[in-house]
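All letters in the sequence shown, in the order written, are residues 8 to 110 by our numbering.
Just so you know, even glycine gets a beta-carbon here, dropped at the ideal spot from N, CA and C.
Small disclaimer: the values here were computed from a predicted structure and weren't measured.
These notes are about the structure you will find just below.
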Amino acid sequence: MVTFKVSDFNKFCSTRERGKKFYFYLKNLISSEVKYIILDFEDIEHVSISFLDESVIKLINEGYKLKIITSNPNIIRKIKKDFSWRNISKNLINEENNKYYFV
Numbered sequence: 008m009v010t011f012k013v014s015d016f017n018k019f020c021s022t023r024e025r026g027k028k029f030y031f032y033l034k035n036l037i038s039s040e041v042k043y044i045i046l047d048f049e050d051i052e053h054v055s056i057s058f059l060d061e062s063v064i065k066l067i068n069e070g071y072k073l074k075i076i077t078s079n080p081n082i083i084r085k086i087k088k089d090f091s092w093r094n095i096s097k098n099l100i101n102e103e104n105n106k107y108y109f110v
């Protein structure tokens, strides 16, 4: 398991290009054995679906188990909307305040 604070990479998560850069940033930092990633979106006010497509959704599609930490309901809403558009069958579990799992 490894944790990444998204705001250390970029506080403005708004474009497809930034999402791609974040994805490759993560992939370069994790070993091949890591399959469980915690993404801390605290201090992030805005995330675009384009950014999520190129980072979070790509990781989920590759089989990574993700835990999302955020107090911003818009981030979770956008991830759920993206799942719906792409017919991704992952369940969202709200384990405790501001922590969400995708299984």
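For the beta strand (DSSP E) that residue i lies in, which residues bound it at each end?
| i | result |
| --- | --- |
| Tyr43 | Tyr43 to Asp47 |
Considering only their Cβ atoms, is the gap separating residue j from residue i smaller than 9 Å?
| i | j | result |
| --- | --- | --- |
| Ile45 | Phe11 | yes |
| Ser57 | Arg93 | no |
| Leu33 | Ser62 | yes |
| Ser21 | Val54 | yes |
By alpha-carbon positions, which one of the options ends up nearest to residue i?
| i | options | result |
| --- | --- | --- |
| Glu40 | Phe48, Ser55, Met8 and Arg23 | Met8 |
| Leu66 | Phe31, Lys18, Phe19 and Ser21 | Phe31 |
| Tyr43 | Tyr71, Glu52, Asn35 and Glu49 | Tyr71 |
For the alpha helix (DSSP H) that residue i lies in, which residues bound it at each end?
| i | result |
| --- | --- |
| Val54 | Looking at the DSSP string, Val54 is not in any alpha helix (DSSP H), and its letter there is neither H nor E. |
| Lys85 | Pro80 to Arg93 |
Mind checking residue i: buried by the 16 CB within 10 Å criterion, or exposed?
| i | result |
| --- | --- |
| Gly26 | buried |
Using DSSP bridges, identify the partner residues of residue i.
| i | result |
| --- | --- |
| Val63 | None, per the DSSP bridge assignment. |
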